[in-house]
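*Asks:* Okay, here's the structure, questions in a sec.
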Amino acid sequence: MNLKNYILFSSILFVGNVSAQVLISDADYTGTNACDCATTFSDAGTPNFYDTGGNGAGYGNNENEVFTFCPNNTGSKSVLVIATNIGFTWDVDGSDTLYVYDGPTTSSPLLVAANSITHPTGINSNITTASWSNPSGCLTLQFVSDASNTGNGWDASISCSNPWQPMEIHLDALIGAGEALGQGDNNDDFTNQMITGPLADTGYVNVCLGDSIKFVNTTEYPYEPGGSLHNGIVGGYNQSNPGNHTTTWTFSDGTVATGDEVWFTPTARTGYFVTMKVTDSKSQYVELLAKVRVSTIPSFETCEVIDPSICLGQTTTLIGGITPGDTAGVDATGSAFQIQGSYGAQTFLPDGSGQNYDSDIDITGFPTGTLFQNTNDLEKLCVSIEHSFLGDLEMELTCPNGQSVVIFDAYDAIWGPELSPGGFNGSGTFLGGANDDGTIAIGVCEEYCFSNLPSAGPAWSTSTATTSVGPPNYPSAGNMITPGMYNPAESFISGLANCPLNGTWTITVRDNQTIDNGYICEWGLFFDATLNPNNETYSPTIVNEDWLSDPTILLGTNDTAVIVSPNQVGNYDYTFEVEDNFGCSYDTTVTVNVIDGPSILPDNSTCDDQYAFTNTYVPNVNGVSGGHWFYDGPGNVTFSPSNTFINPTITPSGNGPYDIYFTDNVCHDTLMSTIFFAEMPSAEIYGRDSICLNDTAQFYTTLKPGEDCYWTNSNGEIISYDTVAIGLTSGEYNLTVSNFCGTSTASIELVVQPCKVPNVITPNGTLGQNDTFYTKYAEVYDDVNLTIYNRWGRVVYKTESYDNTWRGEKTNGKDLHGGVYYYVMTWDGNTKDEAGTITVFMD
Numbered sequence: 003m004n005l006k007n008y009i010l011f012s013s014i015l016f017v018g019n020v021s022a023q024v025l026i027s028d029a030d031y032t033g034t035n036a037c038d039c040a041t042t043f044s045d046a047g048t049p050n051f052y053d054t055g056g057n058g059a060g061y062g063n064n065e066n067e068v069f070t071f072c073p074n075n076t077g078s079k080s081v082l083v084i085a086t087n088i089g090f091t092w093d094v095d096g097s098d099t100l101y102v103y104d105g106p107t108t109s110s111p112l113l114v115a116a117n118s119i120t121h122p123t124g125i126n127s128n129i130t131t132a133s134w135s136n137p138s139g140c141l142t143l144q145f146v147s148d149a150s151n152t153g154n155g156w157d158a159s160i161s162c163s164n165p166w167q168p169m170e171i172h173l174d175a176l177i178g179a180g181e182a183l184g185q186g187d188n189n190d191d192f193t194n195q196m197i198t199g200p201l202a203d204t205g206y207v208n209v210c211l212g213d214s215i216k217f218v219n220t221t222e223y224p225y226e227p228g229g230s231l232h233n234g235i236v237g238g239y240n241q242s243n244p245g246n247h248t249t250t251w252t253f254s255d256g257t258v259a260t261g262d263e264v265w266f267t268p269t270a271r272t273g274y275f276v277t278m279k280v281t282d283s284k285s286q287y288v289e290l291l292a293k294v295r296v297s298t299i300p301s302f303e304t305c306e307v308i309d310p311s312i313c314l315g316q317t318t319t320l321i322g323g324i325t326p327g328d329t330a331g332v333d334a335t336g337s338a339f340q341i342q343g344s345y346g347a348q349t350f351l352p353d354g355s356g357q358n359y360d361s362d363i364d365i366t367g368f369p370t371g372t373l374f375q376n377t378n379d380l381e382k383l384c385v386s387i388e389h390s391f392l393g394d395l396e397m398e399l400t401c402p403n404g405q406s407v408v409i410f411d412a413y414d415a416i417w418g419p420e421l422s423p424g425g426f427n428g429s430g431t432f433l434g435g436a437n438d439d440g441t442i443a444i445g446v447c448e449e450y451c452f453s454n455l456p457s458a459g460p461a462w463s464t465s466t467a468t469t470s471v472g473p474p475n476y477p478s479a480g481n482m483i484t485p486g487m488y489n490p491a492e493s494f495i496s497g498l499a500n501c502p503l504n505g506t507w508t509i510t511v512r513d514n515q516t517i518d519n520g521y522i523c524e525w526g527l528f529f530d531a532t533l534n535p536n537n538e539t540y541s542p543t544i545v546n547e548d549w550l551s552d553p554t555i556l557l558g559t560n561d562t563a564v565i566v567s568p569n570q571v572g573n574y575d576y577t578f579e580v581e582d583n584f585g586c587s588y589d590t591t592v593t594v595n596v597i598d599g600p601s602i603l604p605d606n607s608t609c610d611d612q613y614a615f616t617n618t619y620v621p622n623v624n625g626v627s628g629g630h631w632f633y634d635g636p637g638n639v640t641f642s643p644s645n646t647f648i649n650p651t652i653t654p655s656g657n658g659p660y661d662i663y664f665t666d667n668v669c670h671d672t673l674m675s676t677i678f679f680a681e682m683p684s685a686e687i688y689g690r691d692s693i694c695l696n697d698t699a700q701f702y703t704t705l706k707p708g709e710d711c712y713w714t715n716s717n718g719e720i721i722s723y724d725t726v727a728i729g730l731t732s733g734e735y736n737l738t739v740s741n742f743c744g745t746s747t748a749s750i751e752l753v754v755q756p757c758k759v760p761n762v763i764t765p766n767g768t769l770g771q772n773d774t775f776y777t778k779y780a781e782v783y784d785d786v787n788l789t790i791y792n793r794w795g796r797v798v799y800k801t802e803s804y805d806n807t808w809r810g811e812k813t814n815g816k817d818l819h820g821g822v823y824y825y826v827m828t829w830d831g832n833t834k835d836e837a838g839t840i841t842v843f844m845d
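Residue numbering for the sequence shown follows my numbering, beginning at 3 and increasing consecutively.
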């Protein structure tokens, strides 16, 4: 029963509906006398616990009372509620104090020390509920008053509760390949990235596009029976079994899945928020936010070829960032997380008496200095809530600089101060499917949104539409404000103009009376999408880079600049590959256009006095072509019509070989062709035509470049292909000289004669013969070297060209004495010789 439906506007008389009337001076509720949580102490909304004066009377001076309240086996935690209205009293002088301890004795941890000065509107049950670190579930209260002032004491409530058991939320993310949502198996090879809480934004899962992620709920439940922290707690409930909790996964692309294990496959190169919500059997939930970042394709704009078109055989340079951090070759690209709203956590709204309950959202991601300037900058505020009595509630929204706006005001200040003036007296209407049984069990949250958009309905008032609800869909029967979109009590712009968007936004709910409670299950702010709220960006880092191996890479495979020389005409591709810190690989291909270099006629010969070049090839790139000719040779060369004409005619000043060069204007290659300008050959024989018997005749000729020759004897037999031929016998020897222009012949007649040397001369002339030293050698050869020695070895005569005229005289012309002399004779280049004695008879 909701006692707030009975409001007396004069003096308030409250009659409880529980059988227990407990004074702080009574016996403890411990051991066999522990409280009956199922019946007597089940309603926190009814006064049943009093000071020593009881209901309606005050306490005395010099009191020191200690009272312990423990739950029996059907409950788990003791709860104390102290308020100031609707049957509740709280009037403790500032010199007196009520101490509340979390356990069975005053040695237990102190929860609060309170009086009307420190806590003028009472004590929130959030503070005075036995904690989960207190396995007994007991509360010990000690009241101490001094000898002077007193007060009316308290009319409070003490009860049992089965509060939520804490959960330690965790999740694992395992990266596979190609798995779709719900299609995983137990045989996949994963990379395990563990994401842990409890704070949001603590975990990133970095994947490549095409990877799938297996998300696993690894939440721990330490306070359930058998849990690591259960420690003999009375009561408690199972949370870990699949039937005792629900795991819901919400992905920012709109995908929703349930189960302790789910698969998610990103479909775009962007960031995804992943919210894991674990709800136990008592509707308690906890949430953990993880983030999936999908690798982005890096920019290869600066990966390039310095000279994209080159000639075959030339080199060019490829630019790629081989070393991580290089500014050349590749740059990582960024992406962002797209969020539709920002959400606050679940918040309990316990019984209150002028209590404010706050829930915060930290907004980041807007450009620095962005302000709230237009009504529609904040599109809507949505609150998922359940509460058992609208009539005492007020709600405000406060921006980061402290400015605030009233969202709704249902309280009309009947029982005390209010958050904002006025109020439409919402009476006993529910928000959402409230639980109105006096416990702190959660009901069914419904979503109410507030917006200044034209599509929003009117602000809440006494005529706000309601819907009748009750079991089985909702825990309690009553009238519930119909969920939907409404106007706030004050326009957003009226109170929030020029608020900074980045920072902490706070929703404040003021509960002005006791014996009601509720929950904000979730709340969120939705900003204009053009403002990019919470647009978190990211950019993978390039960690490995390389050019794929290619035999035409000459230099710099481990450097930013790579020198290459493609070995074939046409487009030649090189691949640059990178890997980012997400483990994803990407590559790009750069192309070198390889063209043929210039070409000219090869080496050639001509009998003409001119030579015309034809079929010269010159590359043409982007309109650039042409080249120039030059030469090196035994004479001068003229190019007609000019040395820049592609196929000129060349005229030399004389015969011989000329090196003709051409350098083109595109490849800057220099080519050479040797052109030999020749004339008809002329065969000429040099050498002796007469020799002495047993000597050798040597014939020779000279050849001009491009000429060949051969020798034949009188029988037509070829005896030599050299410029020299040997004659041994008398007869005709023939020379044939040829080049590409024609053939020329010549012949020589060789005479072989017997030659002898005399051994006596009679230079007196008496006999009429042998007057001189006569030898045939001197007739045949013109290089006879003759030396005469006397018997003592002295040279008496010497000549290098003997002519058969020596008559026995000395070199100086004086006659020798008769006698025997010695001679040495050489010829044919001093390679032949004769030696002997000669007798000179003188009268």
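All residues carry an ideal CB built from backbone N, CA and C; glycine is no exception.
Return the chain-ordered list of same chain residues with a C-beta closer than 8 Å to the C-beta of residue 638, the five sequence neighbours on each side being excluded.
*Replies:* Walking along the sequence shown from the start, residue 638 turns up at place 636. Within the same chain, residue 638 has close Cβ partners 654 and 655.
*Asks:* Quick check: the region 263-281 against the region 158-167, are at least 3 beta-carbon pairs closer than 8 Å?
*Replies:* With the cut-off at 8 Å, the region 158-167 and the region 263-281 do not touch.
*Asks:* Would residue 130 and residue 94 be called neighbours here (beta carbons separated by less than 8 Å)?
*Replies:* Here residue 130 refers to the residue found at position 128 of the sequence shown. Here residue 94 refers to the residue found at position 92 of the sequence shown. Their beta carbons are not under 8 Å apart, which means residue 130 does not touch residue 94 by this criterion.
*Asks:* Opposite residue 144 in the DSSP bridges: which residues?
*Replies:* Working through the sequence shown from its first residue, we reach residue 144 at position 142. In the DSSP output, where bridge partners are listed per residue, residue 144 has 68 and 101.
*Asks:* Quick one: Cα of residue 827 to Cα of residue 834, how far?
*Replies:* Residue 827 sits at position 825 when you count from the first residue of the sequence shown. Residue 834 sits at position 832 when you count from the first residue of the sequence shown. Cα-Cα distance, rounded: 8 Å.
*Asks:* Could you please give the first and the last residue of the uninterrupted beta strand (DSSP E) stretch that includes residue 205?
*Replies:* In the sequence shown, residue 205 corresponds to position 203, counting from 1. Its beta strand (DSSP E) spans residues 205-209.
*Asks:* What are the boundary residues of the alpha helix (DSSP H) that includes residue 497?
*Replies:* Taking the first residue of the sequence shown as 1, we reach residue 497 at position 495. 494-498 is the extent of the alpha helix (DSSP H) around residue 497.
*Asks:* Looking only at its chain, what residues have a beta carbon closer than 6 Å to the beta carbon of residue 829, apart from the 5 residues adjacent to it on each side?
*Replies:* The count along the sequence shown starts at 1 and reaches residue 829 at position 827. Closer than 6 Å at Cβ, skipping near neighbours: 779, 783, 785 and 786.
*Asks:* Restricting to Cα atoms, I'd like to know which of 472, 548, 487 and 715 is closest to residue 458.
*Replies:* Sequence index remark: in the sequence shown, residue 458 carries index 456 (1-based). The candidate whose alpha carbon is nearest that of residue 458 is 487.
*Asks:* To the nearest whole angstrom, what separates the beta carbons of residue 435 and residue 398, a pair I think is in contact under 8 Å?
*Replies:* On the sequence shown, position 433 is the one that residue 435 refers to. On the sequence shown, position 396 is the one that residue 398 refers to. The Cβ separation is near 24 Å, so there is no contact.
*Asks:* What does DSSP give as the partner residues of residue 295 in its beta bridges?
*Replies:* Within the sequence shown, numbered from 1, the residue matching residue 295 stands at position 293. The partner list for residue 295 (beta bridge, DSSP) reads 208 and 273.
*Asks:* Within this structure, are the beta carbons of residue 541 and residue 335 separated by less than 8 Å?
*Replies:* Numbered from its first residue, the sequence shown carries residue 541 at position 539. Numbered from its first residue, the sequence shown carries residue 335 at position 333. Cβ atoms of residue 541 and residue 335: closer than 8 Å.
*Asks:* Would you mind giving the Cβ-Cβ distance between residue 594 and residue 310, rounded to the nearest angstrom? I have them listed as a contact below 8 Å.
*Replies:* The count along the sequence shown starts at 1 and reaches residue 594 at position 592. The count along the sequence shown starts at 1 and reaches residue 310 at position 308. Confirmed, Cβ separation roughly 6 Å.
*Asks:* Confirm, please, whether the CB-CB distance from residue 494 to residue 377 is below 8 Å.
*Replies:* Your numbering for residue 377 matches position 375 in the sequence shown. Your numbering for residue 494 matches position 492 in the sequence shown. Result yes, Cβ atoms of residue 377 and residue 494 sit closer than 8 Å.
*Asks:* Quick one: is residue 550 buried, meaning 16 or more other Cβ sit within 10 Å of its Cβ, or exposed?
*Replies:* Reading the sequence shown from its first residue, position 548 is the one you call residue 550. Residue 550 should be labelled exposed.
*Asks:* Using only alpha-carbon positions, find the residue among 243, 291 and 254 that is nearest to residue 2.
*Replies:* Residue 2 is absent from the structure shown; the chain starts at 3 and stops at 845.
*Asks:* Just reading off the alpha helix (DSSP H) that residue 663 is part of, what are its end residues?
*Replies:* In the sequence shown, residue 663 corresponds to position 661, counting from 1. That residue, residue 663, is in no alpha helix (DSSP H); its beta strand (DSSP E) goes 658-666.
*Asks:* Please classify residue 626: does DSSP put it in a helix, a strand, or coil?
*Replies:* By one-based count along the sequence shown, residue 626 stands at place 624. If DSSP states are grouped into helix, strand and coil, residue 626 belongs with the strands.
*Asks:* Can you find the residues in the same chain that come closer than 8 Å, C-beta to C-beta, to residue 118, ignoring five residues on each side of it along the sequence?
*Replies:* Mapped onto the sequence shown, residue 118 falls at position 116. For residue 118, where only same-chain residues beyond five positions count, the Cβ hits under 8 Å are 92, 93, 94, 95, 96 and 153.
*Asks:* Are the CB atoms of residue 685 and residue 701 within a distance shorter than 8 Å?
*Replies:* Sequence index remark: in the sequence shown, residue 701 carries index 699 (1-based). Sequence index remark: in the sequence shown, residue 685 carries index 683 (1-based). Contact: no.
*Asks:* Closer than 8 Å is the cut-off here; do at least three beta carbon pairs connect the region 499-517 with the region 355-365?
*Replies:* Enough Cβ pairs lie closer than 8 Å, so yes.
*Asks:* Alpha carbon to alpha carbon, how far is residue 721 from residue 704?
*Replies:* The residue labelled residue 721 in the question sits at position 719 within the sequence shown. The residue labelled residue 704 in the question sits at position 702 within the sequence shown. Cα-Cα distance, rounded: 17 Å.
*Asks:* Strictly by DSSP, which residues pair up with residue 654?
*Replies:* Taking the sequence shown and counting its residues from 1, the one referred to as residue 654 is at position 652. For residue 654, which the question treats as bridged, DSSP gives the partners 639.
*Asks:* Put residue 762 into one of helix, strand or coil per three-state DSSP.
*Replies:* Numbered from its first residue, the sequence shown carries residue 762 at position 760. In the structure shown, residue 762 sits in a strand (DSSP, three-state: E or B).
*Asks:* Check each candidate in 629, 40 and 301 and name the one with the smallest Cα separation from residue 667.
*Replies:* Here residue 667 corresponds to residue number 665 of the sequence shown, with the count starting at 1. The shortest Cα separation from residue 667 among 629, 40 and 301 belongs to 629.
*Asks:* Where does residue 602 land, buried or exposed, given buried means 16+ other C-beta within 10 angstroms?
*Replies:* For this step, residue 602 is matched to residue 600 along the sequence shown. Buried: at least 16 other Cβ atoms inside 10 Å.
*Asks:* Comparing C-alpha positions only, which one of 32, 30, 89 and 36 sits nearest to residue 57?
*Replies:* Walking along the sequence shown from the start, residue 57 turns up at place 55. Closest by alpha carbon: 89.
*Asks:* Looking only at its chain, what residues have a beta carbon closer than 7 Å to the beta carbon of residue 112, apart from the 5 residues adjacent to it on each side?
*Replies:* Within the sequence shown, the letter at position 110 stands for residue 112. Contacts found: 101 and 103.
*Asks:* Measuring straight from C-alpha to C-alpha, what distance separates residue 38 and residue 505?
*Replies:* If you number the sequence shown from 1, residue 38 lands on position 36. If you number the sequence shown from 1, residue 505 lands on position 503. In a straight line, the C-alpha of residue 38 is about 48 Å away from that of residue 505.
*Asks:* Look up residue 812 in the DSSP assignment and say whether it is helix, strand or coil.
*Replies:* Translated into the one-based positions of the sequence shown, residue 812 becomes position 810. Of the three classes helix, strand and coil, the one that applies to residue 812 here is coil, per DSSP.
*Asks:* Between residue 165 and residue 301, what straight-line distance do the alpha-carbon atoms span, to the nearest angstrom?
*Replies:* Counting from 1 along the sequence shown, the entry for residue 165 is found at position 163. Counting from 1 along the sequence shown, the entry for residue 301 is found at position 299. Taking the straight line from one Cα to the other gives about 55 Å.
*Asks:* Excluding the 5 residues flanking residue 626 on each side, which residues of the same chain have their C-beta closer than 8 Å to its C-beta?
*Replies:* On the sequence shown, residue 626 is found 624 positions in, with the first residue counted as 1. Excluding positions up to five away in sequence, the list reads 667 and 668.
*Asks:* Output the distance between the C-alpha atoms of residue 379 and residue 491, rounded to the nearest integer angstrom.
*Replies:* Taking the sequence shown and counting its residues from 1, the one referred to as residue 379 is at position 377. Taking the sequence shown and counting its residues from 1, the one referred to as residue 491 is at position 489. Spanning the two alpha carbons is a distance of roughly 18 Å.
*Asks:* Secondary structure at residue 502, three-state DSSP: helix, strand or coil?
*Replies:* Your numbering for residue 502 matches position 500 in the sequence shown. The answer is strand: DSSP assigns residue 502 an E or B state.
*Asks:* If I measure Cβ to Cβ from residue 521 and keep anything under 8 Å in the same chain, skipping five residues before and after, which residues do I get?
*Replies:* What you label residue 521 is simply residue 519 of the sequence shown in a count that begins at 1. These residues qualify, in order along the chain: 348, 349, 350, 351, 387, 388, 389, 444, 445 and 447.
*Asks:* Indicate whether the contact test is met: 3 or more Cβ pairs, each with one atom in the region 570-577 and one in the region 616-625, closer than 8 Å.
*Replies:* Not touching, per the Cβ criterion.
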